[in-house]
Amino acid sequence: MSGKYDFKEVEARLAESWERNGVYRFERNGNAKVYAIDTPPPTISGLIHVGHAYSYSQADFVARYKRMRGYNVFYPFGFDNNGIPTEILVERNYKTTAEDMGREKFSRLVEEETKKYEEMYRRTWTQIGISVDWSLRYSTISKEVQRISQLSFLMLANERRAYRKESPSIWCPKCKTAISQMELKDMDFKSRFITIQFSDGIQIATTRPELLPACVAVMVNDKDEKNAEKIGMDVTVPLFGNKVKVIGDRRVDPEKGTGVVMCCTFGDLTDIEWYKAYNLELRIAIDEDGRMLLGKYKGMKIREAREEIIKELKEKGLVLDEKEIVHTVNVHERCNTEIEFLVKKQWYIRYLDIKEKLIGLGEELDWHPEYMKVRYKNWVSGLQWDWSISRQRYYGVPFPVWYCRKCGEPVFADIGALPVNPLEQQPEKRCVCGSESFEPETDIMDTWATSSLTPMINGRWKTDSGLFERIFPMDLRPQAHDIISFWLFTTIVKSYLHTGKLPWKSALISGHGLDSKGAPMHKSVGNIVEPKVVIERYGADALRWWASSSAPGSDASFQEKELVAGSKLINKLWNVNNFITMNYPEASDAKEGAGKNIVDRWILSICSTTIEKVTSLFEQYDYYTARREVERFFWIFCDDYLEFVKYRVYGGDASVRQHLDGVFLAILKMLAPFMPYITDEIYAKRYSKVDGSTSIHVSKWPVSGEFAYNKESLEHGWRVAKVLESVRILKHNIKMALNAPVKELVISERIGEGEDDIKGAMNISSISIGEGSAKVDDLGISIELRT
RNA sequence: GGAGGCAUAGUCUAAUGGUAGGACGGCGCCUUUACACGGCGCAAGCCUGGGUUCGAUUCCCUGUGCCUCCACCA
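Numbering-wise, numbering that gives the first Met the number 0 puts 684 at position 685 of the first sequence, and it's gapless, one number per residue.
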């Protein structure tokens, strides 16, 4: 039994045995109350780092706690492999593109490639000890998920919630697709702010002179004294010669540039607002590839055209000023390309009209931590566009739609025929106009349009009778804070539109795992720490210990020392087990009694209050404080209690055994959610038989009432412990070994019960009453040692 | 520009309207039969300024710095 703990051997063996024995299996027909978790399906994008381990472990703490509380835990796992990130991964790995390869061939390649990654991910998650039921695994590109996603679309289209509209869309010229507001990020670019002379004394400062040909109006602020008089005038656009009106609008900042703005279709969001508000002409200057469409610049790249136009303006003396500036522009978050606005036919889901309702649902959700709610609210309040769900890409869930070649009307697939790929199939009916000739929709759905359906996917919506009803609304949505405005929000949208309800009761929002300096981990920065490397060195339990080292919602930097602390704890647990087993080979199966000895009653009282605290903290999803409570208790157990009882153990006092076992088992159970391997290993070796479960992870969570609590014992026990501490310091001060024999302890007043334990723990022969030279903290008594 | 979070020893991190706890690291003592991957001990800390208060690290305001998210970006 003794010997070192070999975490590598144990972790590999247990991971395999949990899987083989179905320890985490969800009971389809079980009677126990269901606890359903809407696990985040990680994007297959190539890299796994300890940040993933950080947030998934936090959800797992809760899952394991709930399981031990007797819930039938529904804890699935999914892979999000249907969208642009996956496509880009494959393009990068194989240095090819879907266009080059052909759509069919490329899709097959993506499928094969993602399978490899999925296996790799699965191994890592299993190693980390995430207690998901792998039989509930899903992939967002699977036929089943495509069916659900298409079904959702058809239902929304049927209600006119999903609509197709030609409208300015945010466009990435590199990826050649429309993208959503969510996929934008900011980047700073150097640029030139150029003041251009228009006709009639109008001067306009712009960073985008190449949009001159798309200029459809000139805007000034209607309250701007120096410019307001120009409202209503016709102005000629330089180089291009077309006439445009001057319009007054409050959105113009009179202090910026010259206080005059050109409205081009389209340079930015404000242009779009003006275009809509004033019914302006549409002049499209840039095509899907980011090339110019108008005038002699046709075919030029945006930047070339910009240079060319500046050159010509200069030749004509129309450039009045030129300044180097750094300005922030919106770029596509995946490829860092400056976005453009193009007019395209896109599918949208209308939700601007239900903003208030969505904000209300956010209020109803039980957020952990609470302040994350605000982010959701701000996001929803700030929405300006309906949800654009179509993408001009290749790999993803197709729209089950064709368009009639004759009348242009969309024809939707039959629900019974789903999933449908319109590129390979034809509609089963004629168009209302009688035509049988159709053009398939070639766009695919945005990945969020599908991943927003995870509760439906988990519940095998509309096929599996009863499962959806059993798990929905789900109990918990665990996820990181960065995607509150994406995944959490869109899931609420879909859930509300399809069921009228919130998809879950609670949300547990995790922070990010950062590098040791507190910076986000990025492949490009080269600061990625891979879980498997950490597991190799310290073990999964230690990695998880780090994940439990900060509160829900807060970021944590990756600290090696937190792993060291975890390793030490693991070692300590192992050695406590060695100690107990060495003296008592079999675990006690006695019911915990009150305890005769004061230190027994003391530790039982602390145990009772600790269980109570830890349980209620877990109920509030505060795994972090819970962990600290257990940890604190465990060190009291080791450093004080075990020292107190050693003399009785060696002396053959049989009454100690049941307390050692009872309390240690409670500690193991409370640590089991955090350190599943070491706790289960000890449980299997020592407690499985007397406790009656095959694994600690399906054993019963400790009950505080089963450990006798007594206020006086608790207080008196602490007095005894304080004296012990003081004696330790005295022995230390005279360079004595802590167990070296001492003739006599002089103490200013009787301690009463517990004196024997002090004598036993500190190897003291006798205790006498008298004033001592040293004070015991807080107790107002003094002591002295006579050797 | 708006919103949210954070600021505590060399490092990471708690609690608290009245002596700031823990971990890692440092230093020292103890070779003690669960553990030297150990035990015990020591040193070391509340971002700036203002307010409320008998008293502020804590509550309020301000500044500074860091991290998110959003908006703007002619």
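For each residue, glycine too, the CB sits at the ideal point set by N, CA and C.
Check, Outcome
"Cβ contact (3+ pairs, closer than 8 Å) linking the stretch 640–660 and the stretch 586–606", "yes"
"Reduced DSSP category for residue 415 - H, G, I as helix; E, B as strand; rest coil", "helix"
"Endpoints, the alpha helix (DSSP H) within which residue 467 is located", "466–470"
"Whether residue 782 touches residue 733 by CB criterion (7 Å)", "no"
"Proximity to residue 118 [Cα-Cα], best of 90, 156, 493 and 78", "78"
"Where the beta strand (DSSP E) through residue 657 begins and ends", "Counting along the chain, residue 657 falls outside any beta strand (DSSP E), though it belongs to the alpha helix (DSSP H) covering 655–670."
"For residue 615, the nearest candidate out of 311, 529 and 703 (CA to CA)", "703"
"Validate contact between the stretch 557–567 and the stretch 86–98 using beta carbons, cut 8 Å, 3 pairs", "no"
"Given residue 676 as reference, the closest of 130, 776 and 246 once Cα atoms are compared", "130"
"Sub-7 Å separation of residue 97 and residue 393 beta-carbons", "yes"
"Cβ separation of residue 503 and residue 59, assumed to be a contact under 8 Å, to the nearest whole Å", "Incorrect: roughly 17 Å between the Cβ atoms, too far for contact."
"For residue 527, the three-state DSSP class (helix, strand or coil)", "coil"
"Residue interval of the beta strand (DSSP E) (run including residue 765)", "763–768"
"For residue 123, the first and last residue of its enclosing alpha helix (DSSP H)", "102–127"
"DSSP beta-bridge partners of residue 478", "508"
"Residue 0, buried or exposed, once every other Cβ within 10 Å from all chains shown has been counted against 16", "Model confidence at residue 0 stands at a pLDDT of 44, short of 50, so the residue's coordinates are unreliable; what they give is reported in the following sentence. So residue 0 ends up on the exposed side."
"Minimum length 4: unbroken alpha helix (DSSP H) runs contained in the stretch 30–95", "49–67 and 83–93"
"Status (buried if at least 16 other CB within 10 Å, exposed otherwise) for residue 71", "buried"
"Sufficient close CB pairs (3 or more, under 8 Å) joining the stretch 280–288 to the stretch 166–176", "yes"
"Limits of the unbroken beta strand (DSSP E) element including residue 165", "161–171"
"C-alpha gap between residue 439 and residue 397, whole angstroms", "10 Å"
"Close Cβ partners of residue 226 (< 8 Å) along its chain, the five nearest in sequence each way excluded", "219, 220, 253, 258 and 259"
"Through-space distance from residue 483 to residue 424, alpha-carbon basis", "37 Å"
"Limits of the beta strand (DSSP E) - the one that residue 187 falls within", "183–196"
"Start and end residues, beta strand (DSSP E) containing residue 402", "400–403"
"Residue 706 - DSSP class collapsed to helix/strand/coil", "coil"
"Reference residue 216, options 725, 204 and 241, closest by Cα", "241"
"Under the three-state DSSP convention, the category residue 591 falls into", "coil"
"Residue 773 in three-state terms, based on DSSP", "strand"
"Residues sharing a beta bridge with residue 11, DSSP", "Paired residue(s): none; residue 11 is not in a bridge."
"Continuous beta strand (DSSP E) assignments of at least 3 residues falling wholly in the stretch 431–456", "437–439"
"Sequence ranges, beta strand (DSSP E) only - wholly within the stretch 236–308, length at least 3", "242–247 and 259–263"
"Alpha-carbon spacing of residue 57 relative to residue 622, whole angstroms", "8 Å"
"Rounded separation between residue 709 and residue 600 - CA only", "7 Å"
"CA nearest to the CA of residue 443, picked from 456, 536 and 420", "420"
"Per DSSP, cross-strand counterpart(s) of residue 344", "165"
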